[in-house]
Amino acid sequence: MEMTGAEIICESLLREGVDTIFGLPGGAVLPFYGALSGYPKLRHILVRHEQAAAMAADGYARATGKVGVCSATSGPGATNLVTGLMAAQMDSVPIVCITGQVPRAAIGRDAFQETDITGITLPVTKHNYLVMDVRDIAPAIKEAFYIARTGRPGPVLIDVPKDVLAGDKIEFEWPDEVDLPGYFPPGAPDPRQARAAADLINRAERPVILAGHGVLISRAWNELQELAEKAQIPVITTLLGIGAMSTEHVLNLGMPGMHGMAYASLAIDRSDLVICLGARFDDRVTGRLSDFAPGAKIIHVDVDPTEFNKNVVADAPVLGDLKATLRALIPMVESNVHLDWIKETDTLRAEHPSLFIRKSDVLLPQQVMKQISDETNGEAIIVTGVGQHQMWAAQHYGYKEPNSLITSGGSGAMGYEVPAALGAKVGRPEKTVWSIAGDGGFQMTLCDLATAVENNIDVKYAILNNGSLGMVRQWQDFFYDKDFFATIYSGNPDFVKLAEAYGIRGIRVTKEEDVAGAIQEAMETPGPVVVDFVVKEDEFVYPMIPAGESVHEMLEEPEAEGVGFERA
Amino acid sequence: MNALSREQHTIIALVQDRPGVLTRVAGLFRRRGFNIASLAVGASEQKGLSRLTFVVTGDQYTVEQATRHLEKLIDVVKVSNISEEDVVARELALIKVRTTPTNRSEILEIINLFRAKVVDVGTLSLVVETTGEEEKIDALYDLLRPFGILELMRTGRVAMVRGKTGGRVSDDVGADALIMGRNGATAELAVGSAPGHYEGV
Chain A
-19 MEMTGAEIIC ESLLREGVDT IFGLPGGAVL PFYGALSGYP KLRHILVRHE QAAAMAADGY
41 ARATGKVGVC SATSGPGATN LVTGLMAAQM DSVPIVCITG QVPRAAIGRD AFQETDITGI
101 TLPVTKHNYL VMDVRDIAPA IKEAFYIART GRPGPVLIDV PKDVLAGDKI EFEWPDEVDL
161 PGYFPPGAPD PRQARAAADL INRAERPVIL AGHGVLISRA WNELQELAEK AQIPVITTLL
221 GIGAMSTEHV LNLGMPGMHG MAYASLAIDR SDLVICLGAR FDDRVTGRLS DFAPGAKIIH
281 VDVDPTEFNK NVVADAPVLG DLKATLRALI PMVESNVHLD WIKETDTLRA EHPSLFIRKS
341 DVLLPQQVMK QISDETNGEA IIVTGVGQHQ MWAAQHYGYK EPNSLITSGG SGAMGYEVPA
401 ALGAKVGRPE KTVWSIAGDG GFQMTLCDLA TAVENNIDVK YAILNNGSLG MVRQWQDFFY
461 DKDFFATIYS GNPDFVKLAE AYGIRGIRVT KEEDVAGAIQ EAMETPGPVV VDFVVKEDEF
521 VYPMIPAGES VHEMLEEPEA EGVGFERA
Chain B
44 MNALSREQHT IIALVQDRPG VLTRVAGLFR RRGFNIASLA VGASEQKGLS RLTFVVTGDQ
104 YTVEQATRHL EKLIDVVKVS NISEEDVVAR ELALIKVRTT PTNRSEILEI INLFRAKVVD
164 VGTLSLVVET TGEEEKIDAL YDLLRPFGIL ELMRTGRVAM VRGKTGGRVS DDVGADALIM
224 GRNGATAELA VGSAPGHYEG V
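In order, the protein sequences belong to chains A and B. Straight run, no breaks: the first sequence in the numbering used here ends on number 548. Straight run, no breaks: the second sequence in the numbering used here ends on number 244.
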């Protein structure tokens, strides 16, 4: 059957198994929407801002492991996707964005709502396409999905001029395979590289595993656990690696780095081998590179060869898919108990109790996170933006399952939590989804509460409301002479009334004793709910390794309040 | 081996002829902070594929990163760092020299000495064409400079690995390598190039 370009896109999306598209139409992309209305199997979720479309697609992808899809029109619609694309690119998330473009004859003439979106998005996409011929649409979509989900995943954008969407009709042909002579996602590792890594593991006396997002992307959490248990190696998870091993597992030593658990950072510091699995030695993890794991050899397993030696020189780089690599490694690794080393990490844990929550007359954000963890039994999907709330969510929630923390890591995009939670809930409707926000980030994207209401997407929004840009304020306190310039939010709305204005339940909590009840009430209420937790305004995230410093400069606890700690 | 400066590396990339491929390559170099000393682009022996010759300035770390990032581009089929190889490297230059009736023969003598060619003769100038390694072009330029250089145009280096004497084609940037894919090239990862350090962000 002959089809327009717009219909070919819809057919191609069905072939790729797409069920949901987050988007917002406009002039140039309208022919696509004209076709989409005839495809009820492709659920379109209308957002209020295109940034939410990209971030919802991202949240959907992280929650499901499938490719997320979003669409926007040309010009401002497309540029509004950019921050979401950056978030997906930095955190290796597979999404495909379809944008409308002005008609071919108008390209390059500064037409209404024309922008060079393929040029603009070069640095924030894994690849992108400007499709100038209707015959190229189906191959481009097939390639885009293949590129997005394989190797190191990432966002792919397809820009289609209006007259390619709505012009010539051609016979729809779905290509059997992709033709990409320059793209070879690695599979199993080179046996020599795996052997070199195994030899280092077998010789190590104080090894640690640094598990990153790659473990989740490659769905290698069982293999990770098998390796860790076989050789009794403590597992440290990066922010994006959280969930790769249950926090209840005795070998899980938590998150390292700038706001990680002190014992995790100290264990890396004292180790003689760091086995880095699908992580990229981000500056938030390593601190000052010259002081990172000074006594350790480094094994670096990654699917992306540009990561080797980028920040940390690897003694044994292993290029390969992580799951395949671990399967190759496990038989080569000898059983071990590492008794002295495990005891030492236990001592570190006991002597550096980074997760103590002190007593306070004012509601503390850590108490809120701990309570959400308890009330959901550590089984919810937690979605955060960036800042203090993100770090408290990483520290005080007991994650039990893979892909249960969805957070804007590398990009550090405020406002990610509102739309990404929508995507996560749409992708995993059976899960309880809590979006944890600060009052700053929440106000960046709160317009998409309307999307939650309109589509009855049952996300519970917790605002850790300290009336300020808390993390920035913390840096001002520590490093800028307490000059709290431009970080105090004195004009915040009443978030309860705001929720009510959207026709949903709003709850305000100001006292610790009301926290559990409010969380329960939110979860018992069908549909989206906003809970405004009014928390201590000058609470800081500890531990902290200041930027560019090492574990030896770590601030473990507030100096003036260093006494009277008590386990919460 | 070619008399290359330690800081200069010759990288050859085989790329698909697609719109925007040069932008992708140039954008990559700009945003990752790699310096291109020269770049030459032209058709390859394979239809639909072009060959780029870069001269990249930087230390071992920079050139390793540049090479791997180039390989990561979807439209880039194959990348080779041929700095350590036995290569034929050439550049073409056109030089417009100011002449007077009294010095013309002196200029022509220099040109002949370099086996360069005069490709245009004006009343007050000559256009000289020369091909060779950069050092030869530099030397010719230096000798002609006292007469007055009106214009200089250099193509940048193009380079190719020499054939082995056994008659086997040794340019691993060709079709054989293409069929093998890139994994072979990345299986042996160089160890030991240290990244630069920076203040905390």
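From the three backbone atoms N, C-alpha and C, an ideal C-beta is built for every residue, glycine too.
Might you give, ordered along the chain, the residues of its own chain that have their beta carbon closer than 6 Å to the beta carbon of residue i, omitting 5 neighbours on each side?
| i | result |
| --- | --- |
| A/Val82 | Ala8, Ser54, Ala91, Glu94 |
| A/Gly131 | Pro165, Val283 |
| B/Thr200 | Sequence inspection shows Arg at residue 200 of chain B; the Thr mentioned does not correspond to that position. Ser81, Thr96, Val98, Ala132, Glu134, listed in sequence order. |
| A/Tyr243 | Leu328, Arg329, His332 |
| A/Met35 | Gly64, Tyr396, Pro399, Ala400 |
| B/Ala218 | Any reading at B/Ala218 needs caution, since the residue's pLDDT is 32, under 50, leaving its predicted position unreliable; the model's value is listed next. Once the five neighbours on either side are set aside, B/Ala218 has no close Cβ partner at all. |
| B/Arg61 | Asp118 |
| A/Gly234 | Met241, Ala244 |
| A/Pro74 | Ala41, Val47, Ala128, Arg129, Pro133 |
Leaving out the 5 sequence neighbours to the left and right, which residues in its chain are closer than 7 Å to residue i when beta-carbon positions are compared?
| i | result |
| --- | --- |
| A/Leu309 | Ala174, Ala177, Ala178, Leu207 |
| A/Trp201 | Val195, Ala224, Met225, Pro382 |
| A/Leu319 | none |
| A/Asp428 | Val27, Arg28, His29, Ala32, Val398, Pro399, Leu402 |
By how many angstroms is the C-alpha of residue j removed from the C-alpha of residue i?
| i | j | result |
| --- | --- | --- |
| A/Ile255 | A/Asp271 | 17 Å |
| A/Asp143 | B/Ser81 | 39 Å |
| A/Phe458 | A/Gly192 | 29 Å |
| A/Lys106 | B/Ile180 | 40 Å |
| A/Lys477 | A/Arg485 | 9 Å |
| A/Ile14 | A/Pro135 | Note that residue 14 of chain A corresponds to Gly in the displayed sequence, not to Ile. For A/Gly14 and A/Pro135, the distance between alpha carbons rounds to 25 Å. |
| A/Ala259 | B/His52 | 29 Å |
| A/Leu269 | A/Ala294 | 13 Å |
| A/Glu536 | A/Ser391 | 26 Å |
| B/Val171 | B/Ser148 | 14 Å |
| A/Ser415 | A/Ser384 | 12 Å |
| A/Gly167 | A/Pro285 | 13 Å |
| A/Val104 | A/Val49 | 16 Å |
| A/Val342 | A/Glu517 | 9 Å |
| A/Leu257 | A/Tyr379 | 19 Å |
| B/Lys115 | A/Asn472 | 45 Å |
| A/Met524 | A/Ser530 | 10 Å |
| A/Arg547 | A/Lys491 | Low confidence applies here, because A/Arg547 scores a pLDDT of 33, under 50, leaving its location unreliable; read the following figure in that light. If I take the Cα positions, the gap works out to 18 Å. |
From the DSSP output, read off the bridge partner residues of residue i.
| i | result |
| --- | --- |
| B/Thr174 | B/Leu135 |
| B/His52 | B/Val99 |
| B/Lys121 | B/Leu57 |
| A/Val76 | A/Val49, A/Val136 |
| B/Ser168 | B/Arg141 |
| A/Tyr109 | A/Ile138 |
| A/Asp512 | A/Ile443, A/Arg488 |
| B/Ser93 | B/Val58, B/Ala86 |
| A/Glu151 | A/Glu(-18) |
| B/Asn78 | B/Thr100 |
| A/Ile386 | A/Val363 |
Between residue i and chain A, is there a C-beta pair that is closer than 8 Å?
| i | result |
| --- | --- |
| B/Gly175 | no |
| B/Gly63 | yes |
| B/Ile117 | yes |
| B/Glu107 | yes |
| B/His112 | yes |
| B/Val130 | no |
| B/Gly101 | no |
| B/Arg74 | yes |
Excluding five sequence neighbours on each side, which residues of the same chain lie with their C-beta closer than 8 Å to the C-beta of residue i?
| i | result |
| --- | --- |
| A/Gly420 | Gly367, Met394, Ser448, Leu449, Gly450, Tyr469 |
| A/Arg84 | Met112, Pro141, Asp143, Val144 |
| A/Thr98 | Asn108, Tyr109, Leu110, Leu137, Asp139 |
| A/Gln456 | Lys462, Asp463, Phe464, Phe465, Thr467 |
| B/Leu195 | Ala136, Leu137, Ile138, Lys139, Tyr184 |
| A/Arg115 | Ile150 |
Less than 8 Å between CB atoms is the rule here; does residue i satisfy it with respect to chain B?
| i | result |
| --- | --- |
| A/Ile127 | yes |
| A/Gly88 | no |
| A/His107 | yes |
| A/Gly162 | yes |
| A/Gly390 | no |
| A/Thr218 | no |
| A/Pro20 | no |
| A/Pro236 | no |
Tell me whether residue i counts as near the ligand FMN, meaning its Cβ is closer than 7 Å to at least one heavy atom of that ligand.
| i | result |
| --- | --- |
| A/Gly167 | This structure does not include the ligand FMN; it has no bound ligands of any sort. |
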